[in-house]
Amino acid sequence: HRQGGYTRILKLSQKRAGDNAAMAVMEYVDRPGELRAARPPSSLQKDILDKAFQEMGIQPLGDEVVEELQHEMNNILSAQDDEANNNNNNKELSEEYEEEEVGEE
1 HRQGGYTRIL KLSQKRAGDN AAMAVMEYVD RPGELRAARP PSSLQKDILD KAFQEMGIQP
61 LGDEVVEELQ HEMNNILSAQ DDEANNNNNN KELSEEYEEE EVGEE
């Protein structure tokens, strides 16, 4: 059982085979900034992507660039966690203050 949260809806570019209906992926997230790694592509998908990128002249990222991006992503997630914690603390303080005011009346 979840105590609230958010729903992320991602529209897929592919239409459903058969009736050509639009498709989407819905997922529950604990906070709006939550990022989740996608499932790694299968070897066939990876081969297709590598070939397409090569035809388009897109070079793969080096290990150093990937590590730098991961470090930057961790910093962003850490900042979002800090902000979420501050917002929760502020909300709790506000609720306590309101309870004190009601009790005084």
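Each residue of the sequence shown is one higher than the last, beginning at 1 in full-length UniProt numbering.
Every residue gets a Cβ at the ideal spot worked out from N, C-alpha and C, and that includes glycine.
**Prompt:** Helix, strand or coil: how does DSSP classify ALA17 here?
**Reply:** Position 17 of the sequence shown holds residue 17. Coil.
**Request:** Look up ILE9 in the DSSP assignment and say whether it is helix, strand or coil.
**Result:** Locating residue 9 in the sequence shown gives position 9, where the first residue counts as 1. Here ILE9 sits in strand by DSSP.
**Alpha carbon of LYS15 to alpha carbon of ALA52, nearest angstrom** = Along the sequence shown, read from residue 1 onward, the residue named residue 15 stands at position 15. Along the sequence shown, read from residue 1 onward, the residue named residue 52 stands at position 52. Distance from the CA atom of LYS15 to the CA atom of ALA52, rounded to whole angstroms, is 21 Å.
**Request:** Using the DSSP secondary-structure output, state which residues sit across from GLU72 in a beta bridge.
**Result:** Within the sequence shown, the letter at position 72 stands for residue 72. Note: GLU72 is not bridge-paired with any residue in the DSSP secondary-structure output.
**Asked** From which residue to which residue does the alpha helix (DSSP H) around GLN45 run?
**Response** Taking the first residue of the sequence shown as 1, we reach residue 45 at position 45. Looking at the DSSP string, the run of the alpha helix (DSSP H) that includes GLN45 is 43 to 56.
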